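*Asks:*
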Amino acid sequence: ELKVEQNPLFLSMQEGKNYTIYCNYSTTSDRLYWYRQDPGKSLESLFVLLSNGAVKQEGRLMASLDTKARLSTLHITAAVHDLSATYFCAVSGSGYALNFGKGTSLLVTP
Amino acid sequence: DSGVTQTPKHLITATGQRVTLRCSPRSGDLSVYWYQQSLDQGLQFLIQYYNGEERAKGNILERFSAQQFPDLHSELNLSSLELGDSALYFCASSAGQVETQYFGPGTRLLVL
Numbered sequence: 013e014l015k016v017e018q019n020p021l022f023l024s025m026q027e028g029k030n031y032t033i034y035c036n037y038s039t040t041s042d043r044l045y046w047y048r049q050d051p052g053k054s055l056e057s058l059f060v061l062l063s064n065g066a067v068k069q070e071g072r073l074m075a076s077l078d079t080k081a082r083l084s085t086l087h088i089t090a091a092v093h094d095l096s097a098t099y100f101c102a103v104s105g106s107g108y109a110l111n112f113g114k115g116t117s118l119l120v121t122p
Numbered sequence: 004d005s006g007v008t009q010t011p012k013h014l015i016t017a018t019g020q021r022v023t024l025r026c027s028p029r030s031g032d033l034s035v036y037w038y039q040q041s042l043d044q045g046l047q048f049l050i051q052y053y054n055g056e057e058r059a060k061g062n063i064l065e066r067f068s069a070q071q072f073p074d075l076h077s078e079l080n081l082s083s084l085e086l087g088d089s090a091l092y093f094c095a096s097s098a099g100q101v102e103t104q105y106f107g108p109g110t111r112l113l114v115l
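Those sequence lines, one after another, are chains A and B.
Under this note's numbering, the letters of the first sequence match residues 13 to 122, in that order.
Under this note's numbering, the letters of the second sequence match residues 4 to 115, in that order.
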């Protein structure tokens, strides 16, 4: 069974600080996704990582993938309040369905 | 706006009842996925359809069923509802089977 673990599950950080969210998965997969969810809203696709060493950046967010370590990271640079949300990593499994981590609830405070 | 639509947005019903959730994928997308999100179980994959055919099943209960119609919209049928079925149900679509999945706004189901 494919398992996806994220840590931390809760993160409170000050504006302007940097932090990294980690996503470990248990079996080989050829693609990893990061999604953002605002409270009561749907999931918004942030990144798709397709190969070992892949790095993608959008604004203050940067995601990377190490398939050998079965690890992806989502790095937040100089956090701002608008980044407050829950971030999910997901790995494709059977039939290309997504297996999600439990999510990291991020709160950025002044 | 992802382009995926779901109806209804909210649904309140009683235990033992049956409901149908509807999803229209993005224009041109052939794959439809259903997910359930609850506080205790998190986001769980239920079932996938590709161009009208069932392709994968996840943690879907026998009381639940789904189908994808020729116009590619999909319906998720939930029957003999229990309190524990209360959750947010998302539909997602993708062009093929390996592309990014785009999520609809969800249907929030409350079983009383």
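Where a beta carbon is used, it is the ideal one built from N, C-alpha and C, also for glycine.
Computed from a predicted structure; not experimentally measured.
1) For L24 (chain B) versus I50 (chain B), is the C-beta distance shorter than 9 Å?
2) Is the Cβ-Cβ distance between C32 (chain B) and A98 (chain B) less than 9 Å?
3) Report the residues of the stretch 94-116 of chain A with a CB closer than 9 Å to any CB of chain B, ordered along the chain.
4) Are the C-beta atoms of S5 (chain B) and some chain A residue less than 9 Å apart?
5) Please list, in chain order, the chain A residues whose beta carbon lies closer than 7 Å to that of G31 (chain B).
6) Counting C-beta neighbours from all protein chains within 10 Å, is the total for G107 (chain B) 16 or more, i.e. buried, or is it exposed?
7) Looking at Q18 (chain A): is its Cβ nearer than 9 Å to the Cβ of K114 (chain A)?
8) Quick check on Q39 (chain B): buried or exposed, where buried means 16 or more other Cβ atoms within 10 Å of its Cβ?
9) Between the alpha carbons of A66 (chain A) and Q104 (chain B), how many angstroms are there, rounded?
10) Counting only beta-carbon atoms, is E56 (chain A) nearer than 9 Å to chain B?
11) Are there three or more Cβ pairs, one per stretch, closer than 8 Å when the stretch 36-46 of chain A is compared with the stretch 90-98 of chain A?
12) Please name the residue or residues paired with R66 (chain B) in a DSSP beta bridge.
13) For a contact meaning CB atoms closer than 9 Å, what does P108 (chain B) contact in chain A?
14) Less than 9 Å between the beta carbons of F93 (chain B) and L55 (chain A), yes or no?
15) Can you pull the DSSP bridge partners for A75 (chain A)?
16) For N36 (chain A), which of A:S84, A:I88 and A:L118 has the nearest alpha-carbon?
17) Which same chain residues end up closer than 6 Å to M74 (chain A) when comparing Cβ atoms and leaving out the 5 residues on each side of it in sequence?
18) Which partner residues of V16 (chain A) appear in the DSSP bridge assignment?
*Replies:* With the structure as the only source:
1) As a first step, residue 24 (chain B) is located in the second sequence; it is residue number 21 there, counting from the start. As a first step, residue 50 (chain B) is located in the second sequence; it is residue number 47 there, counting from the start. No, Cβ-Cβ distance for L24 (chain B) and I50 (chain B) is not below 9 Å.
2) Walking along the second sequence from the start, residue 32 (chain B) turns up at place 29. Walking along the second sequence from the start, residue 98 (chain B) turns up at place 95. The identity of residue 32 (chain B) in the sequence shown is Asp, whereas the question assumes Cys. Taking 9 Å as the Cβ cut-off, D32 (chain B) and A98 (chain B) qualify as a contacting pair.
3) F100, A102, S104, G105, S106, G107, Y108, A109, L110, N111, F112, G113, K114 and G115
4) In the second sequence, the residue the question calls residue 5 (chain B) occupies position 2. Interface residue, yes.
5) Taking the second sequence and counting its residues from 1, one reaches residue 31 (chain B) at position 28. Correct list: empty, because the minimum Cβ distance to chain A is about 17 Å.
6) Taking the second sequence and counting its residues from 1, the one referred to as residue 107 (chain B) is at position 104. Buried: at least 16 other Cβ atoms inside 10 Å.
7) Residue mapping note: residue 18 (chain A) aligns to position 6 of the first sequence, counting from 1. Residue mapping note: residue 114 (chain A) aligns to position 102 of the first sequence, counting from 1. The answer is yes: Cβ separation under 9 Å.
8) Here residue 39 (chain B) corresponds to residue number 36 of the second sequence, with the count starting at 1. That one is buried.
9) Taking the first residue of the first sequence as 1, we reach residue 66 (chain A) at position 54. Taking the first residue of the second sequence as 1, we reach residue 104 (chain B) at position 101. Rounded to the nearest angstrom, the two C-alpha atoms are 19 Å apart.
10) The sequence position of residue 56 (chain A) within the first sequence is 44, counting from 1. So yes, E56 (chain A) belongs to the interface.
11) no
12) Here residue 66 (chain B) refers to the residue found at position 63 of the second sequence. The partner list for R66 (chain B) (beta bridge, DSSP) is empty, contrary to what the question assumes.
13) Walking along the second sequence from the start, residue 108 (chain B) turns up at place 105. Those are K53 and S54, listed as they occur along chain A.
14) Within the second sequence, the letter at position 90 stands for residue 93 (chain B). Within the first sequence, the letter at position 43 stands for residue 55 (chain A). Cβ distance < 9 Å, so F93 (chain B) and L55 (chain A) count as in contact.
15) For this step, residue 75 (chain A) is matched to residue 63 along the first sequence. Answer by DSSP bridge pairing, in chain order: A:K68 and A:L86.
16) Here residue 36 (chain A) corresponds to residue number 24 of the first sequence, with the count starting at 1. When only C-alpha atoms are compared, the closest one is A:S84.
17) The residue given as residue 74 (chain A) occupies position 62 in the first sequence. So the qualifying residues of the chain are H87.
18) On the first sequence, position 4 is the one that residue 16 (chain A) refers to. DSSP output for V16 (chain A) lists A:Y37 as bridge partner(s).
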